[in-house]
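One line per chain: the protein sequences are D and C, in this order. Position in the first sequence (first residue = 1) + 91 = the numbering used here. Position in the second sequence (first residue = 1) + 447 = the numbering used here. Notes follow the structure.
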Amino acid sequence: MAKKPQLAIDTRPWRDPAAKPFVRIRNVTKKFGDVHAVHDVSLDIYKSELFCLLGGSGSGKSTLLRMLAGFEEPTAGTIEIDGQDMTHVAPYNRPVNMMFQSYALFPHMNVEQNIAYGLKRDHLPKGEIADRVAELLSLVKLSDYGKRKPHQLSGGQRQRVALARALAKRPKLLLLDEPLGALDKKLREETQFELVKIQETLGVTFIVVTHDQEEAMSLATRIGVMNQGEIAMIGEPTDIYEFPNSRFVAGFIGSVNMAEGVVIEDEPDHVRIRSAELGCDIYVDHGVDCAPDQILWWAVRPEKIHLSREAPDNPHDANVTRGLVEEISYLGDMSVYQVLLDSGKRLRVTQTNTVRGNPDSITWDEPVYCTWGGNAGSVLTV
Amino acid sequence: MSSYDIDSPPPRRRAWTGVERALAAVGLSGKALVIAAPAIWLTVFFLVPLAVVFGISLTLKQFGRPPYTPLLTTEEGTVQLTLHLNNYIRLFTDSLYVAAYLNSIKIALISTIIALLIGYPMAYAIARAPERWRNILLMLVILPFWTSFLLRVYALTGFMRGNGVINQVLAVFGIEPLVMMQTDFAVYVGIVYTYLPFMILPLYTNLVKLDGALLEASADLGARPARTFLSITLPLSMPGIIAGSMLVFIPAIGEFVIPSLLGGPSTLMIGRVLWDEFFANTNWPRAAAVAIAMLVAVVVPVMLLQKAQDAVQDSGRTR
C-alpha cells in the first residue's frame with residue numbers, strides 16, 4: 092500500500108510511536124450467547140482525538156462503545172482509560188460520560204436539573220453546580236431554556252441538552268452514540284460543526300459511533316471502520332477514502348469502481364495489471380507488494396476517472412478504455428456518468444461542472460474514452 | 448388506479464345507511480347514539496339507584512312495607528316533601544359510626560401501603576424479567592382470580608385458625624400456637640392477599656415502559672443503583688403507584704366479606720356496620736345514610752389522588 096509523505100511538523104499523536112494512548116483497547120471480545128458482537132478488537136485512541144467508529148448495523152460498534160461506558164463487560168480482553176484498567180469497573184465509577192442515541196433525558200426533570208444531575212452525584216456545593224449549569228447552557232446556546240421540560244424542546248434542543256449533560260462532569264472521555272442520528276439533514280450539518288468546535292475548545296477526547304460515512308468523514312480525526320465485530324481499517328479520513336486496505340473498506344466508504352485483474356509485470360517502480368473486466372491494462376506507477384500472475388483487485392473513485400471524446404495520450408498502452416455513456420445524473424455541482432464499457436462492465440464517473448450550462452458537455456449515447464492516472468486507484472489484495 | 452376515478456361506480460350503500468338516514472330525520476347522529484349507550488347505562492344502573500338510596504337516607508325507619516317513611520305525602524290536595532336529616536346527624540353524634548369510618552380508612556390505608564411495599568418489588572421484577580417470562584409471571588399474579596373470592600378468603604381461615612396449617616408447622620418447631628383469626632392482623636392479610644394483583648398490574652404496565660436508557664444515563668452520570676431508583680425509577684413510576692393505590696384503597700375501605708370472615712368483633716369496619724343496619728336492624732334509612740357518607744368519604748380522597756396523578760403525568764410526559 093502506498094504511504095503518504097510525512098508532514099514536516101506532525102502534531103498527530105497516532106503517527107508518533109512514542110505517544111502514549113489515552114484509551115487502550117486490547118484484544119476485546121464480546122459474545123452474546125454464541126454470537127461474537129465484537130471479536131478481538133485492539134485499538135488505541137489518543138488524547139483530544141475525535142475518533143469515529145463507523146460501521147453498518149450489527150458491526151459491533153455500539154457494543155464496543157457500551158463496553159467503554161461500562162454497560163457491557165467484555166468476554167475477554169482489557170480496556171484501559173488514562174492508564175487505568177477499567178475493564179470491570181461499574182459505569183458510575185468511570186471517568187467517562189456518554190451521550191445516548193435517544194438522548195435519554197430524564198422526562199421529569201427540567202433542563203437545568205438534567206444537566207445538574209451528574210454534578211449532584213459528586214456532591215458539589217450548590218453555588219458551583221448553578222455556575223457550571225449556567226456555563227454549559229451558554230455553551231450549547233440554551234440559556235433561556237433552563238426551566239423547560241424535555242418534552243417542551245425541539246429535537247435539536249434536546250440533542251444539545253444531552254450534550255451539555257454529558258459534558259457537565261468534565262469527563263476525560265466522551266462517548267457519543269449516533270449523536271446526530273435523530274436530526275434532519277440541515278440541522279445535522281450545522282450541529283456537526285458545532286460539535287467539532289466544542290470538542291476543540293474543551294479538548295475532551297470524543298469517541299463517536301455512527302453509521303453515516305459522511306458524518307464520520309467530516310467529524311473525525313481518525314476513523315475506525317468496523318465490519319462483523321472486527322476493525323476493518325483504522326486511519327485518517329483521507330487514508331480511509333484514498334487508500335483503503337480492503338475491498339470492504341473501499342466499497343463501504345463512498346462509491347467506487349472495482350475491477351479484478353492479474354499481475355503481468357511486477358517491478359519495484361511500477362506494476363501492470365491485465366483486467367479483462369475493464370478491457371485494458373492497468374498501469375500503477377509505484378511498487379505493490381504482490382507476485383506475478385496474482386489475482387487482485389483495483390479500486391478507483393468515480394472522480395479520479397476522466398472522460399474525453401478524443402483518444403488521449405497513451406504512453407504505457409494502459410489506463411484507457413472505451414465505452415458508451417448510458418446514463419447521466421445531473422447533481423448541480425457535478426454530474427454522475429454511467430459508462431457502459433465495450434467489455435460489458437459499467438463504470439461510474441463523476442465530472443465537476445466547472446462551466447455554467449456547458450452546451451459542449453458529453454451527453455447520452457456518446458462514445459467516450461475513460462482515462463486515469465497511474466496513481467488514481469488502489470490495488471487491493473483482500 | 449385512484450379510487451376517485453370519475454367512471455368508477457358510486458360507493459356501495461352500506462347496511463346502516465338507511466338506519467342512519469332515518470335517525471338523522473329525527474335529529475339523531477351515530478355519534479350521539481354511541482355516547483347515549485353508556486350514558487343510559489350509567490343513568491339506569493348508577494344514578495337512579497344512587498338517587499333512590501339518597502332519598503331513603505332522608506326518611507325515617509318505620510315498621511311495614513317499605514320499612515321507611517315516604518318522602519312525599521299527599522294531604523288535602525297538597526304534596527308534602529318530608530326530609531329527615533336525623534340519620535346524618537346520628538352518624539356524627541354516635542361514636543360507633545365515626546369510629547367505624549376512621550377504622551375503615553386506617554385499615555384500607557395500611558393495607559394499601561403493605562400492598563405497595565410487596566407489590567412494587569414484584570411488579571419491578573416482572574417488568575425486568577426476560578420477555579418470554581413476563582406473561583407467565585403475570586399469569587401467576589392473575590391466577591388466583593380464577594377461584595371464587597369468597598372461597599379464597601375462606602381458605603385463609605384454614606391457614607390461620609388455632610389448629611391451622613401455620614400453627615401446625617410452628618408446633619413442629621415447638622413454638623406456641625399464635626392467635627391470628629378474629630384479629631386485625633387476619634384482616635390485613637386478607638385484604639393485602641386479595642387486592643395485591645390490583646396493585647401489581649398498574650405498576651407493571653408503568654414499569655415495563657420505563658426506558659432502560661434512562662437508568663443507564665443515570666449510572667453513567669455517577670449514580671449508584673439505589674440513587675438511580677430514588678431519583679429516576681420511583682418518580683417516573685408515580686402514575687402507576689397512584690393508580691395501584693386507588694385500586695386497592697377504594698374497595699378496601701368498604702370491604703365487608705374479609706372483616707366478617709377473618710376479623711373479630713373489635714374489627715369495626717363501615718361495610719359491616721352497613722350490613723348490620725340493613726339486615727339486623729332493618730333500618731334502611733340509617734344504612735342508606737351510612738352508604739352515602741361512605742361514598743363522600745371515598746370520593747374526596749380519590750379526587751385528590753386523581754388530581755395528583757394528572758399533575759404527575761403532565762410533568763412526566765415523555766414524548
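C-beta: ideal position from N, C-alpha, C; glycine also.
What residue range does the alpha helix (DSSP H) around residue i cover?
| i | result |
| --- | --- |
| residue 558 (chain C) | 542 to 575 |
| residue 490 (chain C) | Per DSSP, residue 490 (chain C) belongs to no alpha helix (DSSP H) and is neither H nor E. |
| residue 402 (chain C) | Nothing in the structure corresponds to residue 402 (chain C), since chain C is present only between 448 and 766. |
| residue 700 (chain C) | 685 to 700 |
| residue 153 (chain D) | 152 to 160 |
| residue 706 (chain C) | 704 to 709 |
| residue 293 (chain D) | 276 to 293 |
Are the CB atoms of residue j and residue i within a distance shorter than 7 Å?
| i | j | result |
| --- | --- | --- |
| residue 561 (chain D) | residue 431 (chain D) | Given that chain D is displayed from residue 92 to residue 473, the structure contains no residue 561 (chain D) and the question cannot be resolved. |
| residue 646 (chain C) | residue 628 (chain C) | no |
| residue 679 (chain C) | residue 555 (chain C) | no |
| residue 403 (chain D) | residue 462 (chain D) | yes |
| residue 186 (chain D) | residue 276 (chain D) | no |
| residue 297 (chain D) | residue 265 (chain D) | yes |
| residue 326 (chain D) | residue 129 (chain D) | no |
| residue 752 (chain C) | residue 685 (chain C) | no |
| residue 207 (chain D) | residue 660 (chain C) | no |
| residue 310 (chain D) | residue 143 (chain D) | yes |
| residue 567 (chain C) | residue 736 (chain C) | no |
| residue 502 (chain C) | residue 518 (chain C) | yes |
Leaving aside the five residues before and after residue i along the sequence, list all residues of the same chain whose C-beta is less than 6 Å from its C-beta, in chain order.
| i | result |
| --- | --- |
| residue 639 (chain C) | 558, 561, 562 |
| residue 308 (chain D) | 328 |
| residue 708 (chain C) | 600 |
| residue 363 (chain D) | 355, 356, 372, 374 |
| residue 427 (chain D) | 420, 441 |
| residue 95 (chain D) | Low confidence applies here, because residue 95 (chain D) scores a pLDDT of 49, under 50, leaving its location unreliable; read the following figure in that light. Closer than 6 Å at the Cβ level, and outside the excluded window around residue 95 (chain D), lies no residue. |
| residue 449 (chain C) | Below a pLDDT of 50, predicted positions are generally treated as unreliable, and residue 449 (chain C), at 45, falls in that range; no measurement from the model is reported. |
| residue 198 (chain D) | 241 |
Closest to residue i by C-alpha separation, out of the options, would be which residue?
| i | options | result |
| --- | --- | --- |
| residue 406 (chain D) | D:125, D:374, D:121 | D:374 |
| residue 541 (chain C) | C:720, C:731, C:748, C:726 | C:720 |
| residue 604 (chain C) | C:590, C:632, C:656, C:577 | C:632 |
| residue 117 (chain D) | D:396, D:136, D:146, D:299 | D:136 |
| residue 157 (chain D) | D:261, D:395, D:268 | D:268 |
| residue 514 (chain C) | C:729, C:749, C:754 | C:729 |
| residue 668 (chain C) | D:219, D:409, D:283, D:213 | D:213 |
| residue 547 (chain C) | C:718, C:664, C:522, C:705 | C:718 |
| residue 399 (chain D) | D:457, D:253, D:469 | D:457 |
| residue 330 (chain D) | D:151, D:469, D:149 | D:469 |
| residue 500 (chain C) | C:478, C:740, C:758 | C:740 |
| residue 665 (chain C) | D:260, D:348, D:271, D:353 | D:260 |
| residue 270 (chain D) | D:299, D:295, D:244, D:245 | D:299 |
In the DSSP assignment, find the unbroken beta strand (DSSP E) run with residue i in it and report its ends.
| i | result |
| --- | --- |
| residue 194 (chain D) | Neither: residue 194 (chain D) is in no beta strand (DSSP E) and is coded neither H nor E. |
| residue 421 (chain D) | 411 to 421 |
| residue 144 (chain D) | 141 to 146 |
| residue 297 (chain D) | 296 to 301 |
| residue 168 (chain D) | 167 to 172 |
| residue 318 (chain D) | 313 to 318 |
| residue 325 (chain D) | 321 to 326 |
| residue 373 (chain D) | 371 to 375 |
| residue 442 (chain D) | 437 to 443 |
| residue 525 (chain C) | 525 to 528 |
Below 8 Å CB to CB, which residues in the same chain sit around residue i once its five sequence neighbours on both sides are set aside?
| i | result |
| --- | --- |
| residue 99 (chain D) | A caution first: residue 99 (chain D) carries a pLDDT of 49, below 50, which makes its placement in the model too unreliable to give a value. |
| residue 434 (chain D) | 367, 368, 369, 370, 412 |
| residue 203 (chain D) | 224, 228, 237, 238 |
| residue 360 (chain D) | 376, 377, 378 |
| residue 765 (chain C) | Residue placement at residue 765 (chain C) is poorly supported in this model, since its pLDDT is 43, which falls under 50; the coordinates still yield a value, given next. Only 658 meet the Cβ criterion. |
| residue 705 (chain C) | 600, 634, 637, 638, 641 |
By Cβ distance, which residues of its chain are closer than 7 Å to residue i, with the 5 residues on each side in sequence left out?
| i | result |
| --- | --- |
| residue 323 (chain D) | 316, 317, 337, 339, 340 |
| residue 92 (chain D) | Because the pLDDT at residue 92 (chain D) is just 45, under 50, the model does not fix this residue reliably, and the value given afterwards should be weighed accordingly. These residues qualify, in order along the chain: 334, 336. |
| residue 257 (chain D) | 188, 189, 190, 265 |
By the 8 Å beta-carbon criterion, what residues does the region 658 to 673 of chain C contribute toward chain D? 658, 660, 661, 663, 664, 665, 666, 667, 668, 669, 670, 671
Chain C contacts from the region 166 to 195 of chain D (Cβ-Cβ distance under 7 Å): 182, 183, 188, 189, 191, 193, 195
Using Cβ-Cβ distances below 7 Å, what residues of the region 677 to 702 of chain C are close to chain D? 679, 682, 683
Please list the residues of the region 203 to 228 of chain D that have a C-beta atom closer than 8 Å to any C-beta atom in chain C, keeping them in chain order. 208, 209, 212, 213
Got a sec: which bits of the region 138 to 167 of chain D sit with their beta carbon under 7 Å from any beta carbon on chain C, in order along the chain? 160, 162
Can you list, in chain order, the residues of the region 111 to 138 of chain D whose Cβ is nearer than 7 Å to any Cβ on chain C? none
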